[in-house]
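Chemist: For the record, in the sequence shown the residue sitting at position 144 is 471 according to the numbering used here, with numbers rising by one throughout. Backbone N, C-alpha and C define an ideal beta-carbon position, used for all residues, glycine too. In this text the structure is predicted, and so the values were computed from the model without any measurement.
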Amino acid sequence: MATITFKGTEVHTTGELPSVGSQAPDFKLTAGNLSDKTLADYQGKKVILNIFPSIDTGTCAASVRTFNQKAAGLDNTVVLCISKDLPFAQGRFCAAEGISNVETLSEYKDGNFSDAYQLKISDGPLAGLLSRAVVVIDENGKVRYTEQVSEIADEPNYDAALTAIA
Numbered sequence: 328m329a330t331i332t333f334k335g336t337e338v339h340t341t342g343e344l345p346s347v348g349s350q351a352p353d354f355k356l357t358a359g360n361l362s363d364k365t366l367a368d369y370q371g372k373k374v375i376l377n378i379f380p381s382i383d384t385g386t387c388a389a390s391v392r393t394f395n396q397k398a399a400g401l402d403n404t405v406v407l408c409i410s411k412d413l414p415f416a417q418g419r420f421c422a423a424e425g426i427s428n429v430e431t432l433s434e435y436k437d438g439n440f441s442d443a444y445q446l447k448i449s450d451g452p453l454a455g456l457l458s459r460a461v462v463v464i465d466e467n468g469k470v471r472y473t474e475q476v477s478e479i480a481d482e483p484n485y486d487a488a489l490t491a492i493a
């Protein structure tokens with residue numbers, strides 16, 4: 328279990344992120360058109376998983392905007408912005424913000440993604456939501472970088488994630 332904070336108060340996740348060098352766990356998430364997406368759908372591409380509690384909060388929205396800007400010039404790379412928000416809410420946000428360089432995916436149907444990546448918040452006011460984390464996966468499905476953001480209200484280290492994908 329990872330210990331993180333929410334506005335300075337200690338909370339925990341269900342486990343630890345996959346280790347660097349390990350094979351990235353598969354997952355099933357829901358796309359905006361309600362189709363299922365798995366890690367296999369991105370085979371041969373570099374993948375940045377931008378994971379957060381809810382797109383309707385300032386920090387989460389900022390991470391989607393920032394990765395959208397920075398992802399525009401990345402070759403053979405996809406940024407997946409993942410939360411438990413309904414796909415309709417994710418789509419509404421992206422349409423209103425003009426976001427088109429990232430893909431939003433939802434874990435609203437079941438917990439297989441958060442179970443595989445061990446990042447569900449297990450206690451505190453955000454219990455049941457996904458913690459803020461970034462996982463970078465190379466084109467061979469290997470984990471190249473992880474960041475479990477220690478304070479949920481803080482943004483991730485974008486530069487470290489982008490350096491790991493290069």
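1. What does DSSP give as the partner residues of F376 in its beta bridges?
2. DSSP three-state call for F354: helix, strand or coil?
3. If you reduce the DSSP assignment to three classes, tell me which class S477 lands in.
4. What do you get for N377, buried or exposed, if any count of 16 or more other CB atoms within 10 angstroms of its CB means buried?
5. Under 7 Å Cβ to Cβ from V374, same chain only, skipping five residues before and after it: list those, please.
6. Determine the burial state of D345: buried for a count of at least 16 other Cβ atoms within 10 Å of its Cβ, exposed for fewer.
7. When the Cα atoms are used, what is the spatial distance from N428 to T336?
8. Specify the secondary structure class of S390 as computed by DSSP and reduced to three states.
9. Judging by CA-CA distance, which residue of T490, T357, R459 and N467 is the nearest neighbour of E478?
10. Within the continuous alpha helix (DSSP H) that includes I426, where are the two ends?
11. Return the CA-CA distance between L401 and G371, expressed in angstroms with no decimal places.
12. Quick check on this structure: which residue in G468, S362 and G418 has the alpha carbon closest to the alpha carbon of I382?
Modeler: Let me lay it out:
1. Here residue 376 refers to the residue found at position 49 of the sequence shown. First, the residue type needs correcting, since residue 376 is Leu and not Phe in the sequence shown. Answer is L407 and V462.
2. Numbered from 1 along the sequence shown, position 27 holds the residue referred to as residue 354. Three-state result, F354: coil.
3. The residue you call residue 477 lines up with position 150 of the sequence shown. In this structure, S477 counts as coil in the three-state DSSP scheme.
4. Mapped onto the sequence shown, residue 377 falls at position 50. N377 comes out buried.
5. Taking the first residue of the sequence shown as 1, we reach residue 374 at position 47. V405, L407 and I464, listed in sequence order.
6. To locate residue 345, count along the sequence shown from 1; it is residue 18. Note that residue 345 is Pro in the sequence shown here, rather than Asp. Buried: at least 16 other Cβ atoms inside 10 Å.
7. For the purposes of this step, residue 428 is taken as the residue at position 101 of the sequence shown. For the purposes of this step, residue 336 is taken as the residue at position 9 of the sequence shown. Answer to the nearest angstrom: the Cα atoms are 34 Å apart.
8. If you number the sequence shown from 1, residue 390 lands on position 63. Correct three-state label for S390: helix.
9. In the sequence shown, counting from the first residue as 1, residue 478 sits at position 151. Out of T490, T357, R459 and N467, R459 has the C-alpha closest to the C-alpha of E478.
10. The residue given as residue 426 occupies position 99 in the sequence shown. I426 -> no alpha helix (DSSP H), and no H or E assigned at all.
11. In the sequence shown, the residue the question calls residue 401 occupies position 74. In the sequence shown, the residue the question calls residue 371 occupies position 44. Going by the C-alpha atoms only, they are around 14 Å apart.
12. The residue you call residue 382 lines up with position 55 of the sequence shown. Per the Cα distances, G418.
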